[in-house]
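Protein chains in written order, with my numbering: chain B, 1 to 189; chain R, 190 to 406.
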Amino acid sequence: MKIFFNTSFLFNIAFKNVILAAIFLLPLNYVYAEQQGSLGLDSSVGEVEVAIEISELVKISNLNDFDFTNWNRIDDMEQSDLLCVYSNGARGAYRVSARGTGIRENFEVTDGTNNVPFKVFWEDDINSGANGRMLIANRSMRMTNANIEDFECNGNLNAKLTIAFLSRDLSGAFVSTYRGTVIITIMPE
Amino acid sequence: MIFLRLIIMRFYKKSLRLDIFRDGDSNTLCKDGFGFNEITKFFSIFWLILTTTHNFALAQGQNPNNSTDPTSTVEIGYRITELDSPSELDSPYAVVWRGENEDKVLVDDVCVFSSEGTYRVRVRGSGRGEKFTVKDKKNEIEYQVYWNDEAFLNSNMFQLTENVASRIFNTTETTSSTCNGGQNLTARLQIVFLKEVLMKSNPGSYFGTLTLTIEPI
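(1) Just how far apart, CA to CA, sit Glu291(R) and Leu387(R)?
(2) Got a sec: which bits of the stretch 145-162 of chain B sit with their beta carbon under 8 Å from any beta carbon on chain R, in order along the chain?
(3) Determine, using beta carbons only, whether Glu331(R) comes closer than 9 Å to chain B.
(4) Any heavy atom of the ligand GTP closer than 8 Å to the CB of Lys320(R)?
(5) What span of residues does the beta strand (DSSP E) with Lys151(R) cover, start to end?
(6) Under three-state DSSP, which class holds Arg151(R)?
(7) Figure out for me which residue from Thr398(R), Thr367(R) and Phe396(R) has the closest Cα to the Cα of Glu264(R).
(8) Counting only the same chain and skipping the five closest in sequence on each side, list residues whose C-beta sits under 7 Å from that of Pro275(R).
(9) From which residue to which residue does the alpha helix (DSSP H) around Gly371(R) run?
(10) Which value, in whole angstroms, describes the spacing of the CA atoms of Gly320(R) and Gly40(B)?
(11) Compare the C-alpha of Ile351(R) against each of Gly371(R), Thr322(R), Glu329(R) and Thr361(R) and name the closest.
(12) Run the CB neighbour count on Met143(B), radius 10 Å, all protein chains shown included, and call it buried at 16 or more, exposed below.
(13) For the beta strand (DSSP E) containing Asp298(R), list its first residue and its last residue.
(14) Out of Glu108(B), Arg95(B), Glu152(B) and Gly100(B), which one is the CA nearest neighbour of Asp124(B)?
(15) Using the beta-carbon of each residue, which ones in chain R are nearer than 7 Å to Glu49(B)?
(16) Is DSSP giving Ser171(B) helix, strand or coil here?
(17) At what residues does the beta strand (DSSP E) containing Ser176(B) begin and finish?
(18) Would you mind telling me which residues of chain R sit closer than 8 Å to Ser38(B), beta carbon to beta carbon, in chain order?
(19) Of all Cβ atoms in chain R, is any one closer than 9 Å to the Cβ of Ser55(B)?
(20) Listing by chain order, which chain B residues have their CB less than 8 Å from the CB of Trp286(R)?
(21) State the Cα-Cα distance for the pair Ile74(B) and Asn145(B), rounded to the nearest angstrom.
(22) Please list, in chain order, all residues of the same chain as Val301(R) whose beta carbon is under 7 Å from its beta carbon, the five residues on each side excluded.
(23) Which whole-angstrom value describes the C-beta separation of Asp88(B) and Ile148(B), a residue pair presumed to lie in contact below a C-beta threshold of 8 Å?
(24) Taking the straight line between their C-alpha atoms, what separation do you get for Ser55(B) and Gly155(B)?
(25) How would you label Gln35(B), buried or exposed, when you count the other beta carbons within 10 angstroms and need 16 or more for buried?
(26) Since Thr162(B) and Gly129(B) should fall inside the 8 Å C-beta cutoff, what is the C-beta to C-beta distance between them, to a whole number of angstroms?
(27) Counting along the chain, where does the beta strand (DSSP E) carrying Phe121(B) start and finish?
(28) Just to confirm, are Arg179(B) and Thr110(B) a CB contact at a threshold of 9 Å?
(29) If you measure from the beta carbon of Leu41(B) to each beta carbon in chain R, is any gap under 9 Å?
(30) Going along chain R in order, which residues have a C-beta closer than 9 Å to the C-beta of Ser61(B)?
(31) Cβ of Glu271(R) less than 9 Å from any chain B Cβ?
(32) Does Ile103(B) come out as helix, strand or coil in the three-state DSSP assignment?
(33) From the beta carbon of Val45(B), is the nearest beta carbon of chain R less than 9 Å away?
(34) Can you give me the Cβ contacts of Gly318(R) inside the same chain, cut-off strictly under 8 Å, excluding the 5 residues immediately before and after it?
(35) Hey, which unbroken runs of the beta strand (DSSP E) at 3 residues or more fall wholly within the stretch 314-358 of chain R?
(36) Put Ala90(B) into one of helix, strand or coil per three-state DSSP.
See below:
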């Protein structure tokens, strides 16, 4: 006849008992950080815990309106705006997403009747000279290089937002004044 | 130094789950579940130890709480009591910085007894070189420490340097080493996290300890 012992089971029971004993038999001042001072002839020592939680924080600022005028009827039209993005995430990581005020929150301007689509680009390295990655409405993209020290980026802008109207879209548009809004959301990574 | 900061016991499908953790990170030390039978046995043992210890203490001559001592005594020396973790004024909640456009100021009003009526305070942080810092797993945040020899008052705060005896302070409590059971608090400890420092800090839960020593002049 063979008898089997499940050693892991025995260890588990023993471990639980040891842990419980350790907790219940510990002096209370191991559980609570504060330690009150006792009366002493030459000194008295007490101790407190200092604790703070830092939330994940991001901020976008220095946004400006875009105003497109005088299309030459040949070229695409595009404008860029430099922005400040702050993030306290590691290495200035953040996510950016954007949505427009067109149908299904697409990027479109409208005169109330007719719509003209436009493209939105985001570049997290303003020294690259490029327009960056094209954003799709309501889809976030991972970016870096946010300022990690100051909500206002110490005056050093670090992201580029570009809006571009393609010539082919403009050529089919009726003569009118079109308006729209782009809502940009910065999220912690 | 390891602190058991929190013990959570909760019912979970007819069992109890115990989670002991450190620095705010769950499952840092251990995490396990217990059946009712196991926990019942252990509470029984714990209760036995507790009552035995209490009875032994009484046998050694300690007074029970409701007894009176007919003799009057004069207390001589120094004592600091009524210490709590510094918190925001009038807020019992954990301290969280959510990007407010100001420094984070925490206070704790304490009892300093000195039979001489004067004292110095020396404060040591838990950072390297006893600096005033709190830490999470990777990062550290510095803070400043101030002292006022009047409780409930934020003006005239005196900044303290780590492990350096302060200037001479006065206390109005020269007779009761407990400030009459904490009714007459005599000093304010203030902790300041500068906004400029907080902005540069990564998200997380940061902890540290502050050791306060009341010394003669």
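All C-beta atoms in this analysis are idealised placements derived from N, C-alpha and C, irrespective of residue type, glycine included. Note that the structure is a prediction, hence the values are computed from the model and not measured.
Reading from the atomic positions:
(1) One-based indexing of the second sequence puts residue 291(R) at position 102. One-based indexing of the second sequence puts residue 387(R) at position 198. Cα atoms of Glu291(R) and Leu387(R): separation of roughly 10 Å, rounded to the nearest angstrom.
(2) Listed by position along the chain: Ile148, Glu149, Asp150 and Phe151.
(3) The sequence position of residue 331(R) within the second sequence is 142, counting from 1. Output row for Glu331(R): interface = no.
(4) As presented, the structure is devoid of all ligands, the ligand GTP included, so that no description of it is given.
(5) Since the displayed chain R opens at 190 and closes at 406, residue 151(R) lies outside it and no answer follows.
(6) Nothing about residue 151(R) can be reported from this structure: the residues present for chain R run from 190 to 406 only.
(7) In the second sequence, counting from the first residue as 1, residue 264(R) sits at position 75. Selected option, being the one with the closest Cα: Thr367(R).
(8) Working through the second sequence from its first residue, we reach residue 275(R) at position 86. Closer than 7 Å at Cβ, skipping near neighbours: Leu295, Val296, Asp297, Leu378 and Ile380.
(9) As a position in the second sequence, residue 371(R) is number 182, starting the count at 1. It spans Cys368 to Gly371 - the alpha helix (DSSP H) in which Gly371(R) sits, taken as one unbroken run.
(10) Here residue 320(R) is taken as the residue at index 131 of the second sequence, counted from 1. Here residue 40(B) is taken as the residue at index 40 of the first sequence, counted from 1. The amino acid occupying residue 320(R) in the given sequence is Lys; Gly does not appear at that position. Straight-line Cα distance between these residues: approximately 25 Å.
(11) On the second sequence, residue 351(R) is found 162 positions in, with the first residue counted as 1. Note on residue identity: the sequence assigns Glu, not Ile, to residue 351(R). For Glu351(R), the closest alpha carbon among the candidates Gly371(R), Thr322(R), Glu329(R) and Thr361(R) is that of Thr322(R).
(12) Taking the first sequence and counting its residues from 1, the one referred to as residue 143(B) is at position 143. Here Met143(B) is buried: its Cβ has 16 or more other Cβ atoms, across all protein chains shown, within 10 Å.
(13) Indexing the second sequence from 1 puts residue 298(R) at position 109. Here the beta strand (DSSP E) through Asp298(R) covers Lys293 to Ser303.
(14) Here residue 124(B) is taken as the residue at index 124 of the first sequence, counted from 1. Closest option to Asp124(B), Cα to Cα, is Arg95(B).
(15) Here residue 49(B) refers to the residue found at position 49 when the first sequence is read from its first residue. Within chain R, the residues near Glu49(B) are Ser274, Phe396 and Thr398.
(16) The count along the first sequence starts at 1 and reaches residue 171(B) at position 171. Ser171(B): helix per DSSP, three-state reduction.
(17) As a working note, residue 176(B) is residue 176 in the first sequence. Unbroken run through Ser176(B): none, as it is neither H nor E.
(18) The residue labelled residue 38(B) in the question sits at position 38 within the first sequence. Chain R residues near Ser38(B): Arg268.
(19) In the first sequence, counting from the first residue as 1, residue 55(B) sits at position 55. Yes - at least one Cβ of chain R is within 9 Å of the one on Ser55(B).
(20) The sequence position of residue 286(R) within the second sequence is 97, counting from 1. Under the 8 Å cutoff, chain B gives Ile52, Glu53, Ile54 and Ser55.
(21) For the purposes of this step, residue 74(B) is identified with residue 74 of the first sequence, where counting begins at 1. For the purposes of this step, residue 145(B) is identified with residue 145 of the first sequence, where counting begins at 1. Taking the straight line joining both Cα atoms gives about 36 Å.
(22) Position 112 of the second sequence, counted from the first residue, corresponds to residue 301(R). Ile269, Tyr308, Thr360, Glu362, Thr375, Ala376 and Ile403.
(23) Walking along the first sequence from the start, residue 88(B) turns up at place 88. Walking along the first sequence from the start, residue 148(B) turns up at place 148. For the sequence presented, residue 88(B) should be read as Asn rather than Asp. Indeed they touch by this definition, with Cβ atoms about 6 Å apart.
(24) As a first step, residue 55(B) must be located in the first sequence, where it is residue number 55. As a first step, residue 155(B) must be located in the first sequence, where it is residue number 155. If you take the alpha carbons of Ser55(B) and Gly155(B), they lie about 23 Å apart.
(25) Taking the first residue of the first sequence as position 1, residue 35(B) is located at position 35. By the 10 Å Cβ count, Gln35(B) comes out buried.
(26) Here the question's residue 162(B) lines up with position 162 in the first sequence. Here the question's residue 129(B) lines up with position 129 in the first sequence. At roughly 12 Å, the Cβ-Cβ gap does not stay under 8 Å, so Thr162(B) and Gly129(B) are not in contact.
(27) If you number the first sequence from 1, residue 121(B) lands on position 121. Lys119 to Glu123 is the extent of the beta strand (DSSP E) around Phe121(B).
(28) Looking up residue 179(B) in the first sequence gives position 179. Looking up residue 110(B) in the first sequence gives position 110. In contact: Arg179(B) and Thr110(B) (Cβ atoms closer than 9 Å).
(29) Indexing the first sequence from 1 puts residue 41(B) at position 41. At least one chain R Cβ lies under 9 Å of Leu41(B).
(30) For the purposes of this step, residue 61(B) is identified with residue 61 of the first sequence, where counting begins at 1. None at all; the shortest Cβ gap to chain R is about 13 Å.
(31) Translated into the one-based positions of the second sequence, residue 271(R) becomes position 82. By this cut-off, Glu271(R) is an interface position.
(32) By 1-based counting over the first sequence, the position of residue 103(B) is 103. Helix.
(33) Locating residue 45(B) in the first sequence gives position 45, counting from the first residue. At least one chain R Cβ lies under 9 Å of Val45(B).
(34) Numbered from 1 along the second sequence, position 129 holds the residue referred to as residue 318(R). Correct list, in chain order: Glu351.
(35) 322-324, 329-331, 333-337 and 347-349
(36) Indexing the first sequence from 1 puts residue 90(B) at position 90. The answer is helix: DSSP assigns Ala90(B) an H, G or I state.
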